[in-house]
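Residue numbers (my numbering): 230 to 653.
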């Protein structure tokens, strides 16, 4: 009985010791959801949509539907696990209780690298859009952006989320403009035109899943979210649904405005769509909106990633200094500094296609393990309280996580193929 009681106490949120700086619970459902949408909607849709049309053609919308299914399957699994273990090192915690500390640390390190590569990708996307307007060197711009977002994160989570809210509204506004203008032309094109067949759509879906990256990061805000066991699962699913609807509508609209061949060849595809509709001035406007949106994505990526590093360090799986909190801003400043340095290194890779596929490949591996963790914990911890639980089982095995494993494995295969193609 004593052993079980200690185990139960360990799984609860740990209050901060007296006189020790800690994270504060400031975020409600609306703020957490918009943070998730802000992470998701950004570089993926603004920078990679052109590359996606190269293989999916007019059927790019189908690539987003496939991605949405995977995000929802895995998002439901994240929701159940987040309701069981409301801490900032969520994937590490999930894996530790399901598989043990060694596998948990491997998954944790993999996710840190994924986050770093993702921040670098988003920053390069920002730099490419700015380059299309000013010819300022891409790498230098990306590095300046990374330093800027790290500085904002250092100032505090409330400030970061306030900035992100404004950036998210602007970014979504640009997408809604495209949807409104292009939707009337959708019936004039063949929406099932696939230059490389279904395999081309799956290849595009593996790449474009980068556009969904971030929904799982909502769980990293657990220690700063009010009532996290209820708020985190709801915010995660809401973020995925809202983003999916916008993405699918955008994918339908852009190919109705500009032929997919031209989109695939453009450095600034969304700005090209605007220019086709409204002229050169609109190109500049959409490029500016893309800059704002990608900056918002980069900001929230480093916010959530720094909390993840902080969480693992708090578990003593990483060096203890990475769990240090600034007493004035209540932010994990050492974790922010680590991410800043690593991201600058990856910025020098420069190839958006390559880094995006590396990020999605490592993410799909993590998704497989997360879905598997739900299944394992159903048997290992059947009596643990789950405020949110994935419904539908066959022989005590939850169906949704199984679907999450299968779909993630399929897109992992295509991500690896995409990476290989870069070097051929």
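Note that beta-carbon positions come from the ideal geometry of N, C-alpha and C, so glycine has one too.
Note that the C-beta distance between residue 277 and residue 378 is not below 8 angstroms. About 15 angstroms separates the CB atoms of residue 486 and residue 419; that is not less than 8 angstroms, and the two are not in contact.
A check of alpha carbon separations from residue 429 across 375, 594, 283, 509 identifies 283 as the nearest. Residue environment: residue 406 is assigned as buried (16 or more neighbouring CB atoms within 10 Å of its CB, all protein chains considered).
Between the beta-carbon of residue 336 and that of residue 320 there is about 6 angstroms, and that keeps the pair under the 8 angstroms contact cut.
Per DSSP, residue 380 is one residue of the alpha helix (DSSP H) stretching across 367-384.
Inter-segment contact for the region 613-626 and the region 294-314 is present: three or more beta-carbon pairs are separated by less than 8 angstroms.
When the five nearest sequence neighbours on each side are left out, the beta carbons in the same chain lying within less than 6 angstroms of the beta carbon of residue 297 are those of 473, in order along the chain. Under the 8 angstroms Cβ criterion, the region 502-521 does not count as touching the region 450-465, having fewer than three qualifying pairs.
The C-alpha of residue 322 lies about 7 angstroms from the C-alpha of residue 333. Using a 10 angstroms sphere on the CB of residue 395, the tally of other CB atoms stays under 16, which defines it as exposed. For residue 340, the secondary structure class from DSSP, reduced to helix, strand or coil, is helix. Comparing alpha carbon positions, the residue from 275, 325, 260 closest to residue 546 is 325. For residue 303, the enclosing alpha helix (DSSP H) covers residues 289-313. Within a 10 Å sphere around the beta-carbon of residue 416 sit fewer than 16 other beta-carbons, which makes this residue exposed. Contact annotation: residue 422 and residue 288 have beta-carbon atoms nearer than 8 angstroms. Taking each of 632, 275, 643 in turn and checking the Cα distance to residue 402, the smallest one comes out for 275. The Cβ neighbour count for residue 260, taken over all protein chains shown within 10 Å, is at least 16; the residue is labelled buried. Assigned with DSSP and collapsed to three states, residue 573 falls in helix.
The Cβ-Cβ distance between residue 343 and residue 592 falls below 8 angstroms.
The DSSP-derived three-state label of residue 488 is coil. Contact between the region 633-646 and the region 482-499 is absent, with fewer than three C-beta pairs closer than 8 angstroms. Taking a cut-off of 8 angstroms for Cβ pairs, the region 347-357 and the region 571-583 touch, as three or more such pairs fall below it. The closest CA to that of residue 470, considering only 444, 480, 482, is found on 444.
Contact check for residue 532 against residue 551 fails: the beta carbons are separated by 8 angstroms or more. Judged by DSSP secondary structure, residue 630 falls within the alpha helix (DSSP H) whose first and last residues are 628-652. Within the model, the alpha-carbon separation for residue 279 versus residue 355 is close to 15 angstroms. In this structure, residue 496 sits away from residue 391, with a CB-CB distance that is not shorter than 8 angstroms. Between residue 603 and residue 468, the gap from beta carbon to beta carbon reaches 8 angstroms or more.
For residue 481, same chain residues with a beta-carbon under 6 angstroms away, outside a window of 5 residues either side, are 290, 415 in chain order. Counting along the chain, the unbroken alpha helix (DSSP H) around residue 581 starts and ends at 581-609.
The beta carbons of residue 273 and residue 433 sit no closer together than 8 angstroms.
Here residue 630 is buried. Its C-beta has 16 or more other C-beta atoms within 10 Å.
Looking only at 359, 637, 560, 331, the smallest Cα-Cα distance to residue 515 is reached by 359. Every unbroken stretch of the alpha helix (DSSP H) spanning 4 or more residues and falling wholly within the region 493-533 is given here in chain order: 498-507. Residue 637 is not a Cβ neighbour of residue 397, given a cutoff of 8 angstroms.
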